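In our numbering, the protein residues as written are 437 to 554.
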Amino acid sequence: MPRADITQMLFSKVYPLLVNKAEKKGRTRSEVDQATQWLTGYTPTELNRLEQSEICYGDFFRSAPAMNPKRTLITGKVCGVKVEEIADPLMREIRRLDKLVDELAKGKPIERILPEES
Numbered sequence: 437m438p439r440a441d442i443t444q445m446l447f448s449k450v451y452p453l454l455v456n457k458a459e460k461k462g463r464t465r466s467e468v469d470q471a472t473q474w475l476t477g478y479t480p481t482e483l484n485r486l487e488q489s490e491i492c493y494g495d496f497f498r499s500a501p502a503m504n505p506k507r508t509l510i511t512g513k514v515c516g517v518k519v520e521e522i523a524d525p526l527m528r529e530i531r532r533l534d535k536l537v538d539e540l541a542k543g544k545p546i547e548r549i550l551p552e553e554s
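In C-alpha cells form, the structure reads like this:
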C-alpha cells in the first residue's frame, strides 16, 4: 500500500493527531493551537473554521496568512531528519509544526519552544 502524501490529507484529519500527541503527554489543545497560530498567523477563529473545512494540509500551509519570520530558528530532528535541511519548502513548514508539537510533548514550556521576538 503506497504511503499517503501528508500534503493531500485533510487538515481536519491531521490536526487532531497533533493535538492528541500533545494531550497524551499532559499538554493542552490550547498550547498546540498557540504554537500553530504563532507559526502560521491564523487567528483562533480561522483555525477553528479550517478544522471544520475540507482544506488539505498542504493548502493549510500554502494559505497561511503570515508565516512567522522567526520560524527559521526552529531546528532539530523530526523523524530522524533535520528540519532545517529539508529541501521541499512546504514539507519544511509541515515539519516545523511537528517539531513544535514534539517539543510540547517532551514537556518544554510553550514560552521556551516558540522563538522569541527580538
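All C-beta atoms in this analysis are idealised placements derived from N, C-alpha and C, irrespective of residue type, glycine included.
Nothing here was measured: the structure is a model prediction, and the numbers come from that model.
- Bounds of any alpha helix (DSSP H) do not take in Q444, whose DSSP letter is neither H nor E.
- T472 counts as buried, since at least 16 other C-beta atoms from the protein chains shown sit within 10 angstroms of its C-beta.
- Residue K460 holds the alpha-carbon nearest to the alpha-carbon of L540 among P501, A500, K460, T508.
- Nearest to S499 by C-alpha distance, out of T476, L509, T481, is T476.
- Sequence-distant partners of C492 (beyond 5 residues in either direction) whose C-beta falls short of 8 Å from its own C-beta, in its chain, are T443, Q444, M445, L446, F447.
- Less than 8 Å divides the Cβ of V514 from the Cβ of K535.
- Contact between L509 and P551 is confirmed by a C-beta separation of about 4 Å, below the 8 Å threshold.
- Take R465, set aside five residues on each side of it, and the residues of its chain with a beta-carbon closer than 8 Å to its own are V455, A458, E459, in chain order.
- The alpha carbon of V537 has as its nearest neighbour, out of T511, D524, L486, the alpha carbon of T511.
- Under the three-state reduction of DSSP, K457 is assigned to helix.
- Taking all protein chains shown into account, E529 has 16 or more neighbouring C-beta atoms within 10 Å of its C-beta and is therefore buried.
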